[in-house]
Amino acid sequence: MEIRHLRLIKAIVEEGSITKAIDKLHLTQSALSHQLKEAEYQLGTPVFLRTNKKLVLTKAGEKIYELANEILDKLSQTESQIKQMVYGEHGEIRISTECFSSYHWLPPVLKQFHLLYPNVELKIVTEATHIPLQKLLENTIDIAIISDQIKDNNIKYIELFQDEMVMVISENHAWANKKYVDAEDFIDEHLLIHSLPMETVTVHQFLLAPAKVAPKKITPLPLTEASLEMVKADMGVMSMAKWALLPHLKNNPIRAIKIGKNGLKRKHFIAIRENEQYPDYFYHFITFLQNEINLQWNIQ
């Protein structure tokens with residue numbers, strides 16, 4: 002007997018009639034009758050007794066139906082397991098970034114991926130923020146999203162996107178007519194940052210620290226909206242990715258100023274462990290992340 006014969010017998014029993022079994026199996030009446038005769042011929046005995054226009058299982062049919070349930074259930078489980086192996090339908094990805102400001106764009110992307118892979122659990126591990134590469138090597142997370150690479154043969158970097166950091170100021174600020182700002186311009190300024198330590202603040206890392214310049218005052222403020230309100234009131238300046246700032250420039254009394262004559266651009270990378278065999282769904286996620294950010298969000 003073949004698998005199709007087992008499916009046929011199971012469908013007839015569970016649907017209660019040949020008509021309903023035809024609909025379930027998408028067969029014609031003649032095809033169903035032909036398959037049933039094949040099964041009975043191979044067994045050498047009837048599977049069903051035809052009484053009062055109903056099909057009732059014979060003793061042999063009961064044995065075959067029991068076998069059909071066992072085999073088809075096992076086949077379904079095996080197919081599911083193979084799909085999980087190939088497509089990674091079930092699993093977990095633990096993610097962290099090097100700064101809290103990245104978390105305002107990451108969750109919507111994760112939500113879109115979850116719609117495609119509902120059985121893959123995506124976990125943002127906030128306690129690994131600021132030290133994601135260390136936590137990656139410790140196997141606390143699986144993927145780190147970073148812009149500051151370290152040389153380590155155990156880490157593999159995959160480019161994610163490039164963006165430009167700009168300074169956000171009020172329309173009435175002293176910098177309003179400047180084309181760009183240098184490190185010395187910060188000496189008398191109140192710099193609003195998202196969080197400490199300063200080593201994770203891009204404008205400090207690439208502009209202020211090399212010039213050994215410290216702003217007059219620094220205030221950590223984790224809420225972007227609150228920082229923007231302070232900037233509007235001309236109570237400080239803040240750095241922000243240009244693509245993330247664009248929506249806020251509309252209908253708000255603020256401006257974006259280039260950092261340095263050539264601008265301050267940074268590349269973001271996905272970091273994974275070099276020698277680890279990741280499931281396929283990890284690479285599906287990485288490709289999805291690259292496409293979603295670069296194409297749909299048009300980050301440059």
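The sequence shown begins at 2 in our numbering and counts up one residue at a time.
Just so you know, even glycine gets a beta-carbon here, dropped at the ideal spot from N, CA and C.
For a minimum of 4 consecutive residues, which ranges assigned as the alpha helix (DSSP H) are wholly contained in the segment 6-75? Those alpha helix (DSSP H) runs which fall completely within the segment 6-75 and span 4+ residues are 19-26, 30-44.
Given T200, which residues of its chain have a CB within under 7 Å of its CB, disregarding the five upstream and five downstream residues? Counted from its first residue, the sequence shown places residue 200 at position 199. Residue identity check: residue 200 is Glu in the sequence provided, not Thr. Cβ neighbours of E200 beyond the five flanking positions: Q206.
Is the segment 207-217 touching the segment 140-152 in the sense that three or more CB pairs, one from each, lie closer than 8 Å? Verdict: no, contact absent.
Indicate the three-state DSSP secondary structure (helix, strand or coil) for V202 in the structure shown. Counted from its first residue, the sequence shown places residue 202 at position 201. Correct three-state label for V202: coil.
Relative to the C-alpha of K64, which candidate in F49, N53, L76, K55 has its C-alpha closest? On the sequence shown, position 63 is the one that residue 64 refers to. Closest option to K64, judged by alpha-carbon separation, among F49, N53, L76, K55: F49.
Closest to I156 by CA distance: which of P133, W176, L265, K21 is it? For the purposes of this step, residue 156 is identified with residue 155 of the sequence shown, where counting begins at 1. Nearest option by C-alpha distance: P133.
Could you tell me which residues DSSP pairs with M166 in its beta bridges? Here residue 166 corresponds to residue number 165 of the sequence shown, with the count starting at 1. In the DSSP secondary-structure assignment, M166 is bridged to A242, L265.
Can you say whether P280 is buried or exposed, counting buried as having 16 or more other CB atoms within 10 angstroms of its CB? As a first step, residue 280 must be located in the sequence shown, where it is residue number 279. With 16 or more other CB atoms across the displayed protein chains lying within 10 angstroms of its CB, P280 is buried.
K136 versus L290 - alpha carbon distance: Counting from one through the sequence shown, the residue named residue 136 turns up at place 135. Counting from one through the sequence shown, the residue named residue 290 turns up at place 289. Distance between the alpha carbons of K136 and L290 is about 21 Å.
With DSSP as the reference, label K136 as helix, strand or coil. To locate residue 136, count along the sequence shown from 1; it is residue 135. Looking at K136 - three-state DSSP - the assignment turns out to be helix.
Tell me, please, which residues DSSP counts as bridged to L123. Numbered from its first residue, the sequence shown carries residue 123 at position 122. Paired residues: I94.
Out of curiosity, what's the CA-to-CA distance linking E185 and D164? Start at 1 with the first residue of the sequence shown, and residue 185 comes out as number 184. Start at 1 with the first residue of the sequence shown, and residue 164 comes out as number 163. The alpha-carbon atoms of E185 and D164 are separated by roughly 24 Å.
Could you please give me the residues that DSSP links to H191 through a beta bridge? In the sequence shown, the residue the question calls residue 191 occupies position 190. Looking at the DSSP output, H191 bridges to K218.
Cβ pair L192, I219 closer than 8 Å: As a working note, residue 192 is residue 191 in the sequence shown. As a working note, residue 219 is residue 218 in the sequence shown. If you check the CB distance, L192 and I219 come in under 8 Å.
Considering only residues of the same chain and omitting the five flanking positions on each side of K233, which have a CB-CB separation below 7 Å? Your numbering for residue 233 matches position 232 in the sequence shown. So the list reads S171, N253, P254, I255, once near-sequence residues are dropped.
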